[in-house]
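The structure appears right after this line, and notes come after that.
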Amino acid sequence: MTKVYIGADHGGFKLKEELKLFIEGLGFEVEDLGAHEMVEFDDYPDYIFPVAERVASDGDSDSLGVVIGRSGNGEAIAANKVKGVRAAVCLNFVMAQKAREHNAANVLSLGADYIPREEVLHVVKTFLESKFSGDERHKRRIEKIASYEYSK
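Shown next as structure tokens:
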């Protein structure tokens with residue numbers, strides 16, 4: 686069973702709580718890495734780094750991450766600082782599908798303030814259920830990124 690690590694700051698806390706149940710309903714195991722209570726003005730890196738680290742440390746497993754803030758941008762930037770993480774901000778289901786199929790994204794970053802609830806469910810479902818295409822051109826590009834990432 687695919688494990689999904691999830692984390693959010695105050696800006697994504699409410700959506701995170703809703704998404705946990707939705708993701709479990711899709712048949713995934715969910716591990717909530719915080720915030721575990723609403724704390725106004727908390728700092729998203731405190732919750733995003735643990736999600737990204739868990740996804741990266743699972744190595745070749747099929748675990749995924751979902752991180753949530755107000756825009757999703759800072760969350761993606763933070764997650765992408767962890768070696769082995771490919772986080773993508775997705776505002777619609779097509780972006781989510783392409784992030785997985787073309788970029789082998791393993792962390793979905795959501796902006797709670799910018800995606801309507803009915804669309805966010807479609808985005809999350811699409812991201813979690815899509816797979817990397819394995820096309821040679823996409824593999825080549827991902828390998829170039831990983832080579833650069835691990836050379837520094």
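Convert by adding 685 to the 1-based position in the sequence shown; the result is the number in the working numbering.
Just so you know, even glycine gets a beta-carbon here, dropped at the ideal spot from N, CA and C.
Distance CB(residue i)-CB(residue j) smaller than 8 Å
| i | j | result |
| --- | --- | --- |
| Gly-757 | Ser-794 | yes |
| Ile-733 | Glu-760 | yes |
| Arg-771 | Val-792 | yes |
| Leu-718 | Gly-744 | no |
| Phe-817 | Ala-773 | no |
Span separating the alpha-carbon of residue i from that of residue j
| i | j | result |
| --- | --- | --- |
| Ile-708 | Pro-730 | 23 Å |
| Gly-819 | Ile-827 | 10 Å |
| Arg-822 | Gly-710 | 34 Å |
| Lys-701 | Val-740 | 17 Å |
| Glu-834 | Lys-766 | 10 Å |
| Glu-798 | Leu-776 | Looking at the sequence shown, residue 798 is not Glu but Asp. Their Cα atoms are separated by approximately 11 Å. |
| His-787 | Glu-725 | 36 Å |
| Val-809 | Arg-785 | 11 Å |
Rounded distance between the beta-carbons of residue j and residue i, thought under 8 Å
| i | j | result |
| --- | --- | --- |
| Gly-750 | Ala-737 | 6 Å |
Residues near residue i in its chain [Cβ-Cβ closer than 8 Å; skip 5 each side]
| i | result |
| --- | --- |
| Glu-714 | Met-686, Thr-687, Lys-688 and Val-689 |
Chain-order list of residues whose beta-carbon lies under 7 Å from that of residue i (same chain, five-residue window excluded)
| i | result |
| --- | --- |
| Asp-694 | Ala-720, Asp-727, Asp-728, Tyr-729, Tyr-732 and Gly-754 |
| Met-723 | His-695 and Phe-698 |
| Thr-811 | Phe-778, Ala-781 and Gln-782 |
Can you give, in chain order, each stretch of the beta strand (DSSP E) that sits fully within the segment 726-792 and has at least 3 residues?
749-754 and 772-774
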